[in-house]
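Undergrad: What follows is a single structure, and I will ask about it in a moment.
And the structure:
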């Protein structure tokens with residue numbers, strides 16, 4: 003399939019006009035649910051609003067949760083926080099574990115890989131299609147090669163050229179997009195996999211045809 007244009011959004015992007023965003027050619031939004039392991043105190047304060055507005059105008063939706071975990075046990079608690087935040091909402095795209103803190107880059111590859119597996123495994127046990135987001139070099143140096151084989155990979159690679167992580171479903175290619183309906187810079191992404199069809203077939207992420 004030809005890649006579909008997407009943006010990822012959090013409260014940092016302010017109020018978004020989703021009708022204008024969709025009219026500008028954006029098919030998909032990936033929304034931050036929150037960060038860390040405490041909810042509701044660490045819930046993104048625009049998540050529910052962004053979800054409802056994107057759903058109202060017929061956009062496909064994914065989500066991500068930003069990690070501060072120090073261990074696999076912490077990652078499980080973050081996954082549980084994400085599950086509490088999403089509730090019974092459905093998603094056409096995966097739910098991603100966002101691991102990119104500097105402290106994570108200083109951890110052994112085995113620990114980072116175990117944290118990803120702990121987070122994604124917890125989501126999978128709850129009927130979710132799970133994935134992991136990070137920057138390209140983190141996938142290469144801090145995660146085992148099995149991780150992008152096992153879970154959906156969303157890779158940030160802003161410079162020209164192909165990512166070093168060779169297996170990925172989503173690529174974040176810009177931090178300075180200016181699509182319609184937004185103010186300031188927006189992260190831009192390309193989605194290379196037909197996730198809505200997968201959700202329809204599997205019923206994962208609460209999705210029902």
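Residue numbers (our numbering): 3 to 211.
Each residue gets a CB set at the ideal place from its N, CA and C atoms; glycine is no exception.
Owing to the predicted nature of the structure, the values given are computational and were not obtained by experimental measurement.
1) Which runs of the beta strand (DSSP E) at least 3 residues long sit entirely within the stretch 130-158? Give them in chain order.
2) To the nearest angstrom, how far is it from the Cα of residue 11 to the Cα of residue 73?
3) Can you list, in chain order, the residues of its chain whose CB lies under 7 Å from that of residue 173, leaving out five sequence neighbours each side?
4) My guess is that residue 114 and residue 101 are in contact by the Cβ rule of under 8 Å, so how many angstroms apart are they, rounded?
5) On a Cα-Cα basis, can you pick out the residue from 104, 196, 171 and 195 that is closest to residue 70?
6) Under the criterion of a Cβ to heavy atom distance below 7 Å, does residue 103 qualify as lining the ligand FMN?
7) Using a threshold of 8 Å, state whether the C-beta atoms of residue 95 and residue 28 are closer than that.
8) Considering only the alpha carbon of each residue, which of 24, 17 and 19 lies closest to residue 6?
9) Would you tell me roughly how many angstroms separate the C-alpha atoms of residue 207 and residue 155, rounded to the nearest one?
10) Going by beta carbon distance, what residues of the same chain come within less than 6 Å of residue 13, once the five residues before and after it are set aside?
11) What are the start and end residues of the beta strand (DSSP E) that includes residue 66?
12) Excluding sequence positions up to five away, which residues of its chain have a Cβ less than 6 Å from the Cβ of residue 126?
13) Going by beta carbon distance, what residues of the same chain come within less than 7 Å of residue 185, once the five residues before and after it are set aside?
14) To the nearest angstrom, how far is it from the Cα of residue 99 to the Cα of residue 76?
15) For residue 20, count neighbouring Cβ atoms within 10 angstroms of its own Cβ and tell me buried if that reaches 16, exposed if not.
16) So is residue 2 buried or exposed if we call it buried at 16+ other beta carbons inside 10 Å?
17) Are the CB atoms of residue 189 and residue 197 nearer to each other than 8 Å?
18) Assign residue 71 to one of three DSSP states: helix, strand, or coil.
19) Determine the DSSP secondary structure at residue 211, reduced to helix, strand or coil.
20) Tell me the DSSP secondary structure of residue 40 in three-state form.
21) Compute the beta-carbon to beta-carbon distance between residue 54 and residue 30, rounded to the nearest angstrom, for a pair I have assumed lies under 8 Å.
TA: With the given structure in hand:
1) Annotation note: the stretch 130-158 contains the following uninterrupted beta strand (DSSP E) runs of length 3 or greater, listed N- to C-terminal: 132-137 and 154-158.
2) Counting from 1 along the chain shown, the entry for residue 11 is found at position 9. Counting from 1 along the chain shown, the entry for residue 73 is found at position 71. Approximately 27 Å between the Cα atoms of the pair.
3) The residue you call residue 173 lines up with position 171 of the chain shown. Exclusion of the five residues before and after residue 173 leaves 157, 159, 165, 191 and 192 as the residues of its chain whose Cβ lies within less than 7 Å of its Cβ.
4) Stepping through the chain shown from its first residue, residue 114 is reached at position 112. Stepping through the chain shown from its first residue, residue 101 is reached at position 99. That pair is a contact at about 7 Å.
5) As a first step, residue 70 must be located in the chain shown, where it is residue number 68. 104 is the residue among 104, 196, 171 and 195 whose C-alpha sits nearest the C-alpha of residue 70.
6) The model depicted lacks the ligand FMN and carries no ligand whatsoever.
7) Your numbering for residue 95 matches position 93 in the chain shown. Your numbering for residue 28 matches position 26 in the chain shown. Pairing residue 95 with residue 28 gives a Cβ-Cβ distance that is not under 8 Å.
8) Here residue 6 refers to the residue found at position 4 of the chain shown. That would be 24, whose Cα lies nearest to the Cα of residue 6.
9) Locating residue 207 in the chain shown gives position 205, counting from the first residue. Locating residue 155 in the chain shown gives position 153, counting from the first residue. Distance between the alpha carbons of residue 207 and residue 155 is about 17 Å.
10) As a first step, residue 13 must be located in the chain shown, where it is residue number 11. Contacts found: 46, 47 and 48.
11) For the purposes of this step, residue 66 is identified with residue 64 of the chain shown, where counting begins at 1. Counted as a single uninterrupted DSSP element, the beta strand (DSSP E) harbouring residue 66 occupies residues 62-68.
12) Within the chain shown, the letter at position 124 stands for residue 126. Within the same chain, residue 126 has close Cβ partners 132.
13) Counting from 1 along the chain shown, the entry for residue 185 is found at position 183. If we look at residue 185 and ignore the five residues flanking it on each side, its Cβ neighbours are 16.
14) Within the chain shown, residue 99 is the residue found at index 97, counting from 1. Within the chain shown, residue 76 is the residue found at index 74, counting from 1. Distance between the alpha carbons of residue 99 and residue 76: 13 Å.
15) For the purposes of this step, residue 20 is identified with residue 18 of the chain shown, where counting begins at 1. Label assigned to residue 20: buried.
16) There is no way to answer for residue 2, as the model of the chain reaches only from 3 to 211.
17) Stepping through the chain shown from its first residue, residue 189 is reached at position 187. Stepping through the chain shown from its first residue, residue 197 is reached at position 195. The answer is no: Cβ separation not under 8 Å.
18) Locating residue 71 in the chain shown gives position 69, where the first residue counts as 1. Residue 71 sits in coil when the DSSP states are folded into three classes, being neither helix nor strand.
19) If you number the chain shown from 1, residue 211 lands on position 209. With a pLDDT of 48 at residue 211, under the threshold of 50, the modelled position of that residue is not reliable, and the figure given next carries that caveat. Coil at residue 211, not helix or strand.
20) Your numbering for residue 40 matches position 38 in the chain shown. Note: residue 40 maps to coil in three-state DSSP.
21) Counting from 1 along the chain shown, the entry for residue 54 is found at position 52. Counting from 1 along the chain shown, the entry for residue 30 is found at position 28. By a beta-carbon distance limit of 8 Å, residue 54 does not contact residue 30. Their separation comes to about 16 Å.
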